[in-house]
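Shown next, in structure tokens, is the structure this report addresses.
Structure, rendered in structure tokens:
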């Protein structure tokens with residue numbers, strides 16, 4: 224019996240990378256997991272298959288988080304499949320795409336995050352948890368500059384975090400806790416690859432300053448751990464300690 228046996232988790236943006244690894248770790252702890260993807264069904268189905276082959280339960284649900292209809296459908300699918308919704312991991316993010324419009328970063332990283340929480344919160348029980356995944360570059364953007372190419376995304380993610388934090392009192396009344404997990408650049412992610420392409424040497428320079436950059440698997444383990452960690456609502460887990468961002 225795992226620590227999440229009988230509980231259900233939605234992990235947004237979980238067809239690959241950090242989200243996929245987080246989903247598999249939660250499933251290993253007994254959770255029923257909803258794998259959310261925007262457009263790559265085969266990738267999402269591969270994650271579901273891996274979970275099922277390991278003895279877990281999961282479904283893949285298509286949903287563009289910038290669509291209110293899709294957000295509601297994602298929650299409905301979780302409840303229809305598993306009868307409950309206990310955990311929401313807000314992992315999906317973006318904004319460096321060049322074909323989604325000038326306001327896409329803010330729409331996805333702030334508005335869609337709040338909308339997803341609003342869709343899920345009425346169904347989360349007392350003891351439910353919401354985990355928001357962000358980066359040090361975004362969390363500390365008001366005090367520590369980041370790469371020019373990433374600044375619009377960082378500011379949109381910070382706006383999303385602040386907007387979600389405004390919901391903490393209302394969530395507390397419902398007995399739901401909210402936790403932020405912040406990490407440095409993550410080796411092997413799409414964002415890190417794009418940044419290094421735009422600003423060659425960026426990853427190597429950050430690795431030298433931080434001393435270590437987490438892999439996707441290592442960071443996902445930290446995200447998964449915060450789903451059941453005994454911390455107060457509003458807690459921020461600085462994965463790796465935030466060298467170069469905090470004194």
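Numbering (the working numbering), first residue to last: 224 to 470. Ideal placement from N, C-alpha and C gives every residue a C-beta, glycine not left out.
Of the other Cβ atoms in all chains shown, fewer than 16 fall within 10 Å of the Cβ of residue 302; this residue is therefore exposed. Each residue's CA atom was taken as its position, placing residue 375 and residue 408 some 16 Å apart. In this structure, the beta-carbon distance from residue 355 to residue 397 does not fall below 8 Å. Non-local C-beta neighbours of residue 267 in its own chain, meaning closer than 7 Å and more than five positions away in sequence, comprise 238, 258, 260 and 283, ordered along the chain.
Per DSSP, the continuous alpha helix (DSSP H) segment holding residue 421 begins and ends at 413-421. Proximity to residue 404 across 429, 337 and 454 peaks at 454, based on C-alpha coordinates.
When the five nearest sequence neighbours on each side are left out, the beta carbons in the same chain lying within less than 8 Å of the beta carbon of residue 337 are those of 383, 386, 387 and 390, in order along the chain.
In this structure the stretch 407-427 lies against the stretch 341-361, because at least three pairs of beta carbons, one per stretch, are closer than 8 Å. Around the Cβ of residue 393, a 10 Å sphere holds fewer than 16 other Cβ atoms; the residue is exposed.
Beta bridge pairing from DSSP links residue 352 with 310 and 400. Around the C-beta of residue 309, 16 or more other C-beta atoms lie within 10 Å, and the residue is accordingly described as buried. Take the alpha-carbon of residue 406 and the one of residue 463: they are about 7 Å apart. Taking C-beta separations shorter than 6 Å and ignoring five residues to either side along the sequence, the partners of residue 305 in its chain run 231 and 255, following chain order. In terms of CA proximity to residue 264, 286 leads the group 465, 278 and 286. Closest in alpha carbon position to residue 430, among 410, 225 and 442, is 410.
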